[in-house]
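**Q** So the sequences go chain by chain: A and B.
Residue numbering for the first sequence follows the numbering used here, starting at 1 and increasing by one per position.
Residue numbering for the second sequence follows the numbering used here, starting at 1001 and increasing by one per position.
We put the CB at the ideal spot given by N, CA and C, even for glycine.
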Amino acid sequence: LAKTTQPISMDSYEGQEVNITCSHNNIATNDYITWYQQFPSQGPRFIIQGYKTKVTNEVASLFIPADRKSSTLSLPRVSLSDTAVYYCLVGDLSGGGGFKTIFGAGTRLFVKA
Amino acid sequence: SQTIHQWPATLVQPVGSPLSLECTVEGTSNPNLYWYRQAAGRGLQLLFYSVGIGQISSEVPQNLSASRPQDRQFILSSKKLLLSDSGFYLCACNKGDSYEQYFGPGTRLTVT
Chain A
1 LAKTTQPISM DSYEGQEVNI TCSHNNIATN DYITWYQQFP SQGPRFIIQG
51 YKTKVTNEVA SLFIPADRKS STLSLPRVSL SDTAVYYCLV GDLSGGGGFK
101 TIFGAGTRLF VKA
Chain B
1001 SQTIHQWPAT LVQPVGSPLS LECTVEGTSN PNLYWYRQAA GRGLQLLFYS
1051 VGIGQISSEV PQNLSASRPQ DRQFILSSKK LLLSDSGFYL CACNKGDSYE
1101 QYFGPGTRLT VT
């Protein structure tokens, strides 16, 4: 399982774009990258997943360079409600063994008014 | 989409007492099931995962155990709780071909 490294915390202001970068130097060929958001006293919520290049959905974009050793979650025009912990995960579902996941400490994002 | 139910929402138990946390899943069949624990201010620690009935894999040696008696039921147990077992316990599921895990509301366990 590839280990991930993220900044411990980040501050931003409402309306700004926030980019959170995750390092995963030991990512394997079959590994996918997923990002989750967690509010206090709640379970994490899936945000986005990707394998390479760029993925975009209604809430975020995920940028993955060609070497796949890092990824960047981009949150456009954040609001106060985006204050949460964001986790980057790397793993592989192939082989029928389930998705053994490692949630690191995550990045605490504080959005200020 | 999948819905996960966990109970109880909060639990206060004395050291040495037994534990049983239950998780049930609606809206899917043959899911992968997971138990996580989260200490205050920390990330999630994967405790157990299951890819089918009776199939349990343990990720961390401890005094906890898990069972999957039915396809959509996952139980976390302990015979004797330790103070270090306190934490926020989360059940999650995903389908075998999806990286998106769905999480339950969690159980906050305090061992006194």
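#1: Serine 1029/B: which of Val1015/B, Ile1053/B, Gly1104/B and Phe1088/B sits nearest, CA to CA?
#2: Since I believe threonine 101/A is in contact with glycine 91/A (beta carbons under 8 Å), could you give me their beta-carbon distance rounded to a whole number of angstroms?
#3: Hey, glutamine 981/B and valine 1025/B: beta-carbon distance below 8 Å or not?
#4: Could you give the residue range of the beta strand (DSSP E) that holds aspartate 11/A?
#5: Check the Cβ of arginine 1042/B against every Cβ in chain A and list those closer than 7 Å, keeping chain order.
#6: Does the distance from the CB of glutamine 1038/B to the CB of leucine 1090/B come in under 8 Å?
#7: Compile a chain-ordered list of the residues in the segment 1021 to 1054 of chain B whose CB is closer than 7 Å to at least one CB of chain A.
#8: Using a C-beta to C-beta distance shorter than 7 Å, which residues of chain B count as neighbours of phenylalanine 46/A?
#9: Exposed or buried, tyrosine 1034/B, counting other C-beta atoms within 10 Å across all chains shown (16 or more means buried)?
#10: Run down chain B in chain order and give the residues with a C-beta less than 7 Å from the C-beta of tyrosine 121/A.
#11: Run through chain B and tell me which residues come within less than 8 Å of glutamine 49/A, C-beta to C-beta.
#12: Which of helix, strand or coil does DSSP assign to serine 1029/B?
#13: Could you work out which residues of chain B lie near threonine 83/A, taking near to mean beta carbons separated by less than 7 Å?
**A** Checking against the coordinates, here is how it stands:
#1: In the second sequence, residue 1029/B corresponds to position 29, counting from 1. Among Val1015/B, Ile1053/B, Gly1104/B and Phe1088/B, the Cα nearest to that of serine 1029/B is on Ile1053/B.
#2: Numbered from 1 along the first sequence, position 91 holds the residue referred to as residue 91/A. Numbered from 1 along the first sequence, position 101 holds the residue referred to as residue 101/A. Indeed they touch by this definition, with Cβ atoms about 6 Å apart.
#3: Summary: the structure shown does not reach residue 981/B, with chain B confined to residues 1001 through 1112, and so no result is reported for it.
#4: For this step, residue 11/A is matched to residue 11 along the first sequence. 9 to 13 is the span of the beta strand (DSSP E), which, as asked, contains aspartate 11/A.
#5: Within the second sequence, the letter at position 42 stands for residue 1042/B. Correct list: Ala105.
#6: Here residue 1038/B refers to the residue found at position 38 of the second sequence. Here residue 1090/B refers to the residue found at position 90 of the second sequence. Cβ atoms of glutamine 1038/B and leucine 1090/B: closer than 8 Å.
#7: Asn1032, Arg1042, Gly1043, Leu1044, Leu1046, Tyr1049 and Val1051
#8: One-based indexing of the first sequence puts residue 46/A at position 46. Neighbours of phenylalanine 46/A on chain B, chain order: Glu1100 and Gln1101.
#9: Here residue 1034/B refers to the residue found at position 34 when the second sequence is read from its first residue. When all chains shown are included, tyrosine 1034/B counts as buried.
#10: This structure gives no information on residue 121/A, because the portion of chain A shown stretches from 1 to 113.
#11: Translated into positions along the first sequence, residue 49/A becomes position 49. For a Cβ distance threshold of 8 Å, residue set Tyr1099 and Glu1100 of chain B lies close to glutamine 49/A, ordered along the chain.
#12: Against the second sequence, residue 1029/B aligns to sequence position 29. Note: serine 1029/B maps to coil in three-state DSSP.
#13: Residue mapping note: residue 83/A aligns to position 83 of the first sequence, counting from 1. What threonine 83/A touches in chain B: nothing, since even the nearest Cβ is about 15 Å away.
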